[in-house]
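Numbering (mature numbering (1 follows the signal peptide of the UniProt record, and there is no 0)), first residue to last: -20 to -1, 1 to 195. The next block holds one structure in the form of structure tokens; read it before the comments.
Structure below.
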């Protein structure tokens, strides 16, 4: 009997996805949960009447494989009560009902809880099923790799008293300082030579001018 019920559930889910708007909406489509954390699945009735009992099943394996099996978990009534399937731990699998919405909770999820969870309602004379939520429970969630930072070699700064100096290596700074120092000395020597030469020419011209006046 339960095999026929499950076959009807599976076929109704396939047919409702092809023809018309589904009577049930499930979210999320996929759920990755860490071990011992809570998994939360939602089933929402899209029909005018919401006073339906919602049945939750777990599909284990692939619909196209020979190892397909299923498990009836519970029935969530509109008034809030639940009827559990055989062997289902009511402290591990719980459900709450709020108007048209049924929420299935897996407390302290284990890897063995992985599978496809499907909610179903009975609408005479047929069954209506959601699209299912694929749940995978893992010991550790995948982490996003941290991008490696490019390390740069810190360069020494030339003294700020030279406005043309830029950030260069130490040996280059020494050569630059020496070049500037030699340049300053040359400028001073040239200036001194020019001053002495101008002073000599001034005295020579003055002496020549005085001799011209004495004639």
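Just so you know, even glycine gets a beta-carbon here, dropped at the ideal spot from N, CA and C. Every value quoted in this text rests on a predicted model; they were computed, and no experiment measured them.
Under the DSSP definition of a beta bridge, residue 81 partners with 24 and 78. Distance check between residue 119 and each of 85, 165, 81 and 89 places 89 closest, using alpha-carbon atoms only.
Between the stretch 30 to 38 and the stretch 84 to 101 there are three or more inter-stretch CB-CB distances shorter than 8 Å, so the stretches are counted as touching. DSSP, reduced to helix, strand and coil, places residue 95 within a strand of the structure shown. In the three-state scheme derived from DSSP, where H, G and I count as helix and E and B as strand, residue 30 is classed as coil. Contact annotation: residue 84 and residue 21 have beta-carbon atoms nearer than 8 Å. Annotated as proximal: residue 54 and residue 75, with beta-carbon spacing under 8 Å. Looking from the CA of residue 59, the closest CA among 73, 80 and 91 belongs to 80. Here residue 174 carries a helix assignment [DSSP, helix/strand/coil]. Distances from the CA of residue 12 to each of 94, 65, 129 and 56 were compared; the closest alpha carbon is that of 94. Non-local beta-carbon contacts of residue 71 in its own chain, meaning distances under 8 Å to residues more than five positions away in sequence, involve 87 in chain order.
By the beta-carbon neighbour count (other beta carbons within 10 angstroms, threshold 16), residue 164 is exposed.
Contact annotation: residue 3 and residue 25 have beta-carbon atoms nearer than 8 Å.
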